[in-house]
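Reviewing the structure listed below.
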Amino acid sequence: MIAHLQRASNTVGLLSYLYGPGERGDHVSPRLIAVAGHGAPIELLAEPGSLPYLAHALDAPVERLGTRVPAQPTWVCSVRSDPRQPDLTDPQWAAVARRLVDVTGIAPEGDPDACRWIAVRNRPRQVHVVATIAREDGSLHNGYRDSFRLQSECQLLAAELGHLPIASQSTPRTQETRMPSPSITITAEPSGSVSAKGASDDLSATLLKHAGFQQIDDWYGRRHRLPTTTPTDYRAAIATHAAEMLRAARYGVDLDPTQDTTN
53 MIAHLQRASN TVGLLSYLYG PGERGDHVSP RLIAVAGHGA PIELLAEPGS
103 LPYLAHALDA PVERLGTRVP AQPTWVCSVR SDPRQPDLTD PQWAAVARRL
153 VDVTGIAPEG DPDACRWIAV RNRPRQVHVV ATIAREDGSL HNGYRDSFRL
203 QSECQLLAAE LGHLPIASQS TPRTQETRMP SPSITITAEP SGSVSAKGAS
253 DDLSATLLKH AGFQQIDDWY GRRHRLPTTT PTDYRAAIAT HAAEMLRAAR
303 YGVDLDPTQD TTN
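Structure below.
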């Protein structure tokens, strides 16, 4: 499970995209699955024709800031699960969203002044959590460590769901992950296999093994390679999934263009 965090300047524009067909026409049945609006009737506004009103409900604490409004007040976290695992149900994805807004401090459990947020599903194996970073008490959410907290929590969630062996998960929920520095290269070899080189720390090794790579330790050093039995059609998808997880954890990744399914 990986999380990709972004900031936006226009809430209604973001919602129009999430509720629209998508760049590739792959958005399916967009729907609201979780919400915390501090009394605003957000559930009644989550329809394509009501998106400006939904955006206004989310933006209300931001608008009260006046001249203190930041340039990008909208926080959006897109979370994807392992494509080789069964998809989660809407209630399960809603629980994931609540865990993520809690661990980042967007909406800590029981906080009456937390940020307003919603969770939208529009594709299989994915959820988008949208929040505005102005709290009800007029302060702003500090997102300095959000990316690291999200990645750590995603690993915990993957382990709890059985997507990742619990024994390999050593980062406690309250511990922040130190920013890794190595650069990792994922390439297709002449033999047809796909290898990942440059990773020598345990976090990158865990992410690569979670994606499906096998670890090799010999006198050449630590490296990772997809099993030779991996179907050809799956290799690029796995390599891309691994690259996205590593980038979300702030690694530099050089992904072979032939293995990049996002192009």
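Here the sequence shown stands for residues 53 to 315, numbered as in the numbering used here. We treat Cβ as the ideally placed atom computed from N, Cα and C, and that holds for glycine.
* To do: Within its chain, find whatever has a CB closer than 7 Å to the CB of residue 137; leave out the 5 residues flanking it on each side and keep chain order.
  => 215
* Assign residue 143 to buried or exposed, taking buried as 16 or more other Cβ atoms, counted over all protein chains shown, within 10 Å of its Cβ. => exposed
* To do: Take residue 155 as the anchor and find which of 141, 193, 66 has the nearest alpha-carbon.
  => 193
* How many Å lie between residue 102 and residue 89 at the Cα? -> 16 Å
* Ordered list of beta strand (DSSP E) runs contained in the region 146–232, each at least 3 residues -> 169–173, 178–184
* So residue 146 packs on residue 86, CB below 8 Å; how close in whole Å? -> 4 Å
* Could you tell me whether the Cβ atoms of residue 121 and residue 148 are closer together than 8 Å? => no
* Please report the Cβ distance between residue 153 and residue 107, rounded to the nearest whole angstrom; I am assuming they are in contact, meaning their Cβ atoms lie under 8 Å. => No, residue 153 and residue 107 are not in contact; Cβ-Cβ is about 18 Å, not under 8 Å.
* **Cα-Cα separation, residue 223 to residue 293** => The pLDDT assigned to residue 223 is 43, lower than 50, so where the model puts this residue is not dependable, and the model offers no usable value.
* To do: Might you give, ordered along the chain, the residues of its own chain that have their beta carbon closer than 6 Å to the beta carbon of residue 301, omitting 5 neighbours on each side?
  => 203
* In the structure shown, what three-state DSSP assignment does residue 307 receive? -> strand
* Pick from 207, 288, 299, 105 that is closest to residue 314, judged by C-alpha positions -> 288
* Among the residues of its own chain, which have a CB less than 7 Å from the CB of residue 78, if the five just before and after it don't count? -> 175
* Asked: CA-CA distance, residue 129 and residue 172?
  -> 10 Å
* Asked: Under the rule that 16 or more other beta-carbon atoms within 10 Å means buried, what is residue 311, buried or exposed?
  -> buried
* Got a sec? Which residues, its chain only, sit under 6 Å from residue 237 by beta carbon, not counting five neighbours each side? -> 249, 250, 306
* Asked: Leaving out five residues before and five after residue 252 in sequence, what residues of the same chain have Cβ atoms less than 6 Å from its Cβ?
  -> 274
* Burial state of residue 53, where buried means 16 or more other Cβ atoms lie within 10 Å -> buried
* To do: Return the chain-ordered ranges of every alpha helix (DSSP H) run that is complete within the region 231–286 and spans a minimum of 4 residues.
  => 254–263
* **Nearest residue (CA-CA) to residue 80, options 56, 177, 181, 116** => 177
* To do: Assign residue 107 to one of three DSSP states: helix, strand, or coil.
  => helix
* Along the chain, where does the beta strand (DSSP E) that runs through residue 128 open and close? -> 126–132
* Asked: Would you say residue 125 and residue 186 are within 8 Å of each other, going by their C-beta atoms?
  -> yes
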